[in-house]
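Peer 1: Just so we're aligned, residue 16 is where the sequence shown starts under my numbering, counting upward by one. One structure coming up, written as structure tokens, with questions to follow.
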Amino acid sequence: MCTRKPTLTFIFFLLTLLLTPKFNVAGEGEDELEELLAVDEEVEREIAEGGGEKLSEAEVLSKAQRIVVELNNDNTERVVNGNEFVLVLGYAPWCPRSAELMPHFAESATSLKELGAPLLMAKIDADRYPKSASFLGIKGFPTLLLFLNGTSQPYSGGFTADDIVIWARKKTGAPVVRISSVAEAEGFLRKYQTFLVGLFEKFEGPDYEEFVNAAKFDNETQFVAVSQLELAQVLYPDIKLTDHFIGIVKSEPERYTAYDGAFTMNKILEFVDHNKFPLVTKLTEMNSISVYSSPIKLQVLVFANSDDFKNLLNTLQDVARTLKSKIMFIYVDIDDENLAKPFLTLLGLEESKNTVVAAFDNGMSSKYLLESKPTQSNIEEFCNNLVRGSLSPYFKSQPIPDNTEASVHVIVGKTFDDEILRSEKDVLLEVFTPWCMNCEATSKQVEKLAKHYKGSSNLIFARIDASANEHPKLEVNDYPTLLLFRANEKANPIKLSTKSSLKELAASINKYLKVKNQVVKDEL
Numbered sequence: 016m017c018t019r020k021p022t023l024t025f026i027f028f029l030l031t032l033l034l035t036p037k038f039n040v041a042g043e044g045e046d047e048l049e050e051l052l053a054v055d056e057e058v059e060r061e062i063a064e065g066g067g068e069k070l071s072e073a074e075v076l077s078k079a080q081r082i083v084v085e086l087n088n089d090n091t092e093r094v095v096n097g098n099e100f101v102l103v104l105g106y107a108p109w110c111p112r113s114a115e116l117m118p119h120f121a122e123s124a125t126s127l128k129e130l131g132a133p134l135l136m137a138k139i140d141a142d143r144y145p146k147s148a149s150f151l152g153i154k155g156f157p158t159l160l161l162f163l164n165g166t167s168q169p170y171s172g173g174f175t176a177d178d179i180v181i182w183a184r185k186k187t188g189a190p191v192v193r194i195s196s197v198a199e200a201e202g203f204l205r206k207y208q209t210f211l212v213g214l215f216e217k218f219e220g221p222d223y224e225e226f227v228n229a230a231k232f233d234n235e236t237q238f239v240a241v242s243q244l245e246l247a248q249v250l251y252p253d254i255k256l257t258d259h260f261i262g263i264v265k266s267e268p269e270r271y272t273a274y275d276g277a278f279t280m281n282k283i284l285e286f287v288d289h290n291k292f293p294l295v296t297k298l299t300e301m302n303s304i305s306v307y308s309s310p311i312k313l314q315v316l317v318f319a320n321s322d323d324f325k326n327l328l329n330t331l332q333d334v335a336r337t338l339k340s341k342i343m344f345i346y347v348d349i350d351d352e353n354l355a356k357p358f359l360t361l362l363g364l365e366e367s368k369n370t371v372v373a374a375f376d377n378g379m380s381s382k383y384l385l386e387s388k389p390t391q392s393n394i395e396e397f398c399n400n401l402v403r404g405s406l407s408p409y410f411k412s413q414p415i416p417d418n419t420e421a422s423v424h425v426i427v428g429k430t431f432d433d434e435i436l437r438s439e440k441d442v443l444l445e446v447f448t449p450w451c452m453n454c455e456a457t458s459k460q461v462e463k464l465a466k467h468y469k470g471s472s473n474l475i476f477a478r479i480d481a482s483a484n485e486h487p488k489l490e491v492n493d494y495p496t497l498l499l500f501r502a503n504e505k506a507n508p509i510k511l512s513t514k515s516s517l518k519e520l521a522a523s524i525n526k527y528l529k530v531k532n533q534v535v536k537d538e539l
């Protein structure tokens with residue numbers, strides 16, 4: 016969601032909105048809207064008579080501007096309370112995500128009108144009309160809300176035009192599209208790239224009802240039903256001779272997948288969730304929510320530029336095909352900082368420009384890294400070990416430093432075992448992060464303590480940057496933190512107060528440790 020205003024980034028988008036005609040649909044605005052819709056119908060007839068040429072993007076936007084109602088302080092309450100179904104987009108002209116969603120919303124408005132959906136599409140500049148936005152329950156940008164007789168429910172679908180159409184149709188009474196002719200089936204194929212097709216002898220009975228219930232519950236996949244094998248073969252050519260069938264269709268090499276489970280809602284939904292994505296899914300802002308919410312808990316992410324990804328695609332598809340429903344394979348453009356950097360930061364590789372193959376177990380909150388070259392054999396071995404549970408989790412670490420002359424040793428993820436847990440000495444460890452406001456003061460205290468105990472042969476002072484280094488035995492959430500690891504009890508470090516004075520900290524150290532060969536250099 017957008018929370019602040021850029022200055023010039025979206026000036027063009029702002030000008031477009033300002034130049035867009037605005038229309039009301041309640042009261043005196045109803046006649047005007049009807050006239051505009053009549054113009055649309057006339058345009059549609061002309062296109063049909065001229066050979067059915069597809070509208071350009073500009074024409075789609077222009078047409079949508081006449082369909083989508085612009086809400087303001089005068090008409091908002093009247094519109095949402097006066098119509099059975101209203102889908103509202105709350106946006107801000109300066110918000111980049113609003114700008115990205117707006118064309119999809121416009122295209123979906125046109126499609127829903129053509130489909131005869133009983134739904135009014137509306138949008139509101141929530142930045143310009145904060146009072147009306149508050150009435151609607153819009154708290155960020157962009158926000159989609161469906162109003163049913165004035166009562167709102169959150170939008171839970173995807174964010175492409177097709178996603179919005181599918182979700183809106185399901186919520187307004189048409190969860191399953193029924194097809195009764197070859198022409199309808201061919202038209203459906205031209206419009207939808209991913210769908211679930213069901214063949215039933217009749218559109219009734221317990222199996223069909225379970226299919227419909229699954230369609231109502233699912234928010235992203237279009238369900239379509241036919242009652243003739245001939246029509247099913249148009250949509251799913253690989254279908255075998257039967258009168259009872261469910262299969263999913265996608266626009267990729269793994270195009271057709273048949274369902275062989277029980278005709279129950281939960282099993283059908285499970286089949287859809289595990290098969291609706293391509294073998295390798297490209298992560299985008301529009302599909303990110305759907306990808307993150309996948310029930311497939313093991314996810315392999317490939318971060319690469321477009322050229323390197325093309326060279327890897329066949330390899331990834333081959334591996335994905337053998338591990339279907341066990342691992343979700345995701346491609347992230349490494350040059351897209353908004354999408355790639357948050358993941359790469361978790362791996363400590365935020366500056367990387369080379370291909371990175373990593374895995375995340377969302378069920379265990381663990382992460383893994385392929386530390387060898389991304390060849391087919393290495394990727395296959397990495398993924399198979401991930402499924403078997405034999406991969407070692409990855410913990411990020413900075414390069415190993417030289418602590419030869421350091422009074423306060425720098426610890427990194429790779430040296431935590433040797434210098435802290437396996438060390439025969441006592442260790443006072445400072446855990447900090449660069450963004451921590453109070454860490455600098457604690458660091459100065461640790462440096463003074465290190466100088467004070469400089470002559471000790473069994474006490475080491477150390478620090479670790481928790482933002483760049485991880486270790487399974489280092490579980491710290493508050494910064495700064497001081498941990499005293501005693502030589503004979505490394506498993507249970509003592510937490511010292513960072514609010515204590517130098518003398519109080521020294522007293523605590525002396526209380527818990529027997530400091531050997533101490534030569535006090537400076538008074539505290």
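Virtual Cβ for every residue (Gly too), placed ideally from N, Cα, C. Here the structure is a predicted model, which means the values were calculated and not measured.
Please determine if the region 149-160 and the region 196-212 are in contact, where contact requires at least 3 C-beta pairs separated by less than 8 Å.
Peer 2: Contact check between the region 149-160 and the region 196-212: fewer than three CB pairs, one atom from each, fall below 8 Å, which does not count as touching.
Peer 1: Rounded to the nearest angstrom, how far is the Cβ of L161 from that of L102, given a contact under 8 Å?
Peer 2: 5 Å
Peer 1: Run through the region 222-273 for me and flag every whole alpha helix (DSSP H) of 4 or more residues, listed as ranges in chain order.
Peer 2: 244-250
Peer 1: Touch check for the region 479-497 and the region 411-421: three-plus C-beta pairs under 8 Å?
Peer 2: yes
Peer 1: Confirm, please, whether the CB-CB distance from I426 to A477 is below 9 Å.
Peer 2: yes
Peer 1: Quick one, which of F286, I254, V239 has its alpha-carbon nearest E245's?
Peer 2: Answer by Cα proximity: I254.
Peer 1: For I557, which three-state DSSP category applies?
Peer 2: Residue 557 lies beyond the residue range present for the chain, which begins at 16 and ends at 539; the question has no answer from this structure.
Peer 1: Within the same chain, show all residues whose beta-carbon is closer than 6 Å to that of I505, passing over the 5 residues directly before and after it, in chain order.
Peer 2: Correcting the residue type first, residue 505 is Lys in the shown sequence and not Ile. Within the same chain, K505 has close Cβ partners L436.
Peer 1: Let me know if L1 comes out buried or exposed under the rule of 16 or more other beta-carbons within 10 Å of its beta-carbon.
Peer 2: Missing from the structure shown is residue 1; the chain here goes from 16 to 539 and no further.
Peer 1: Kindly indicate the opening and closing residues of the alpha helix (DSSP H) around L316.
Peer 2: Note, L316: premise wrong, no alpha helix (DSSP H); beta strand (DSSP E) at 313-319.
Peer 1: Report the three-state DSSP secondary structure of V94 (helix, strand or coil).
Peer 2: helix
Peer 1: Does DSSP classify D348 as helix, strand or coil?
Peer 2: strand
Peer 1: F318 to N503, Cα distance in whole Å?
Peer 2: Cα to Cα, F318 sits roughly 44 Å from N503.
Peer 1: How about S242 and S195: are their beta carbons less than 9 Å apart?
Peer 2: yes
Peer 1: Let me check one thing: in DSSP terms, what residues is P169 bridge-paired to?
Peer 2: L160
Peer 1: Under 7 Å Cβ to Cβ from F174, same chain only, skipping five residues before and after it: list those, please.
Peer 2: Cβ neighbours of F174 within its own chain (closer than 7 Å, five residues either side excluded): L116, H119, M301.
Peer 1: Are the beta-carbon atoms of G220 and V239 separated by less than 9 Å?
Peer 2: By the CB criterion at 9 Å, G220 and V239 fall outside the cutoff.
Peer 1: Please state whether DSSP places F447 in a helix, a strand or coil.
Peer 2: strand
Peer 1: Does DSSP put L384 in a helix, a strand or coil?
Peer 2: Strand.
Peer 1: Rounded to whole angstroms, what is the Cα-Cα separation between Y307 and D441?
Peer 2: Between the alpha carbons of Y307 and D441 lies a gap of roughly 43 Å.
Peer 1: Measure the Cβ-Cβ separation of A3 and V95 and say whether it is below 9 Å.
Peer 2: Outside the modelled stretch of the chain, which goes from 16 to 539, sits residue 3, for which no answer is possible.
Peer 1: Could you check whether the region 416-430 touches the region 448-468, counting it as contact only if at least three pairs of C-beta atoms, one from each stretch, sit closer than 8 Å?
Peer 2: Cβ pair count under 8 Å is three or more, so yes.
Peer 1: Just curious, the alpha helix (DSSP H) that T125 is in, first and last residue?
Peer 2: From DSSP, the alpha helix (DSSP H) with T125 extends over 111-129.
Peer 1: Roughly how far, in whole angstroms, is the beta-carbon of L163 from the beta-carbon of E224, given that I think they are within contact range, below 8 Å?
Peer 2: In this structure L163 does not touch E224 by the C-beta definition: roughly 23 Å separates them, more than the 8 Å allowed.
Peer 1: What are the start and end residues of the alpha helix (DSSP H) that includes M478?
Peer 2: A small fix is needed here, since residue 478 is Arg in this sequence, not Met. Looking at the DSSP string, R478 is not in any alpha helix (DSSP H); the run it does join, the beta strand (DSSP E), is 474-480.
Peer 1: Inspect the beta-carbon positions of A189 and L250 and report whether they are closer than 9 Å.
Peer 2: No, they are not a contact pair.
Peer 1: Pull up the distance between the alpha-carbon of A230 and that of P169, whole angstroms please.
Peer 2: 18 Å
Peer 1: When the distance is taken between beta carbons, is K514 closer than 9 Å to L11?
Peer 2: With the chain represented from 16 up to 539, any question about residue 11 goes unanswered, as that position is not in the structure.
Peer 1: Do the CB positions of V83 and N90 come within less than 9 Å of each other?
Peer 2: no
Peer 1: Under three-state DSSP, which class holds V103?
Peer 2: strand
Peer 1: How big is the Cα-Cα spacing for R93 and N87?
Peer 2: 10 Å
Peer 1: Considering only residues of the same chain and omitting the five flanking positions on each side of E49, which have a CB-CB separation below 8 Å?
Peer 2: Its pLDDT being 42, under 50, E49 is placed unreliably in this model, and the value from its coordinates should be taken loosely. Counting only Cβ-Cβ distances below 8 Å, and skipping sequence neighbours, we find nothing.
Peer 1: Using DSSP with H/G/I as helix, E/B as strand and the rest coil, what is A521?
Peer 2: helix
Peer 1: I want to know whether the region 258-274 touches the region 309-324 - three or more CB-CB distances under 8 Å.
Peer 2: no
Peer 1: Considering T370, what are the terminal residues of the beta strand (DSSP E) in which it resides?
Peer 2: Counting along the chain, T370 falls outside any beta strand (DSSP E), and DSSP gives it neither H nor E.
Peer 1: Just tell me which of S471, K529, W450 has its CA closest to the CA of D493.
Peer 2: Measuring from the Cα of D493, the nearest candidate turns out to be W450.
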